[in-house]
Amino acid sequence: MTDDNQKVILLDRDGTLIEEKDFLTDVDDIEIFPHSSEAIGILRKLGYVIVVVSNQSGVARGYLTEQQVIEINEEIFRRLEKQDARPDLFFYCPHHPEATVAEYRVECDCRKPAPGMVRMAEKLLNIDIRTCFSIGDKLSDVQLCQNLGGKGILVLTGYGKSELEKSESAGTWPDYIADNLLDAAHWIQKILEH
């Protein structure tokens, strides 16, 4: 890695960037958190590339197709772009080891906290994963970046509160616990300024 590598934020989708809907299947049901665009704006001003990484096991469970996931991601892109807050990349993992749809029943390297989606981003962008931050509402989001040498932030939106209760027994502790994505962005800003 060179000094020219870009800093990256690995951002979860459901429960972090948008409201958690328990297997979102329709673009009409997308609810972007009101603070998401401001948070992305702060992170961009700090020089970060924004990469959304999302486990979408609803595909593996037969609740929606990969095409629906793509359409939902594209709609989120469009809405955030109107607010000058479009993420740089979206990656998703459609797999689950206990999938009901056989073709998606695999132990893959892309389901968080495995680093597969981050490795794909590395191939497309000149990013430095050693200085990454991951922000999400599940412990797998926290572990993703911590496993790569970065910092993991747990937001209390979505499943965050119930995940926090599991953190000690899971042996995973977030580097920061944020009320929401905007709070996480402010924390990153604060530690970088000191």
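The opening residue of the sequence shown carries number 113 in my numbering; numbering runs sequentially from there. Idealized CB from N, CA, C, for every residue including glycine.
Beta-ladder partner(s) of residue i, from DSSP
i      : result
TYR288 : ILE265
ILE241 : None; ILE241 has no bridge partner.
ASP126 : ILE130
CYS205 : ASN167
CYS152 : Looking at the sequence provided, one finds Ile at residue 152 rather than Cys. None, per the DSSP bridge assignment.
TYR160 : LYS119
ILE142 : ILE142 is not bridged to any residue.
Own chain residues within Cβ distance below 8 Å of residue i, not counting five before or after
i      : result
LEU260 : PRO227, VAL230, ILE241, ARG242 and CYS244
CYS220 : CYS205, HIS207, ALA226 and GLY228
Chain-order list of residues whose beta-carbon lies under 6 Å from that of residue i (same chain, five-residue window excluded)
i      : result
VAL164 : LEU123, ARG125, PRO199 and PHE202
ILE121 : LEU155, TYR160, ILE162 and PHE245
GLN195 : SER149
When the options are compared against residue i, the one with the closest alpha-carbon
i      : options                           : result
ILE247 : LEU236, PHE135, LYS133 and ILE152 : ILE152
GLU193 : ASN238, SER149 and ASP249         : SER149
GLU305 : GLY262, GLU186 and LYS157         : LYS157
THR177 : GLN195, HIS147, ASP196 and THR212 : THR212
GLY174 : ILE182, ALA214 and GLN301         : ALA214
Contact set for residue i: own chain, Cβ-Cβ below 7 Å, skip 5 residues either direction
i      : result
TYR216 : VAL171, ALA172, PRO206, HIS207 and HIS208
ILE184 : LEU136, VAL139 and ILE142
ALA282 : LEU251
GLN180 : THR137
GLY262 : ILE241, ARG242, THR243, CYS244, PHE245 and SER246
Under 9 Å between C-beta atoms of residue i and residue j
i      : j      : result
ASP311 : THR128 : In the structure as shown, the chain starts at 113 and stops at 306, and residue 311 therefore has no counterpart that could be examined.
PHE145 : ASN292 : yes
ILE239 : GLN118 : yes
TYR271 : GLU131 : no
(request) Would you check if the region 223-233 and the region 255-264 touch, i.e. whether three or more CB-CB distances between them fall below 8 Å? (result) Touching, yes, given that three or more Cβ pairs across the two stretches are closer than 8 Å.
(request) For the region 283-290 and the region 258-267, state whether three or more C-beta atom pairs, one from each stretch, are separated by less than 8 Å. (result) With a cut-off of 8 Å, the region 258-267 and the region 283-290 count as touching, because enough Cβ pairs lie within range.
(request) Please determine if the region 165-180 and the region 204-224 are in contact, where contact requires at least 3 C-beta pairs separated by less than 8 Å. (result) Touching, yes.
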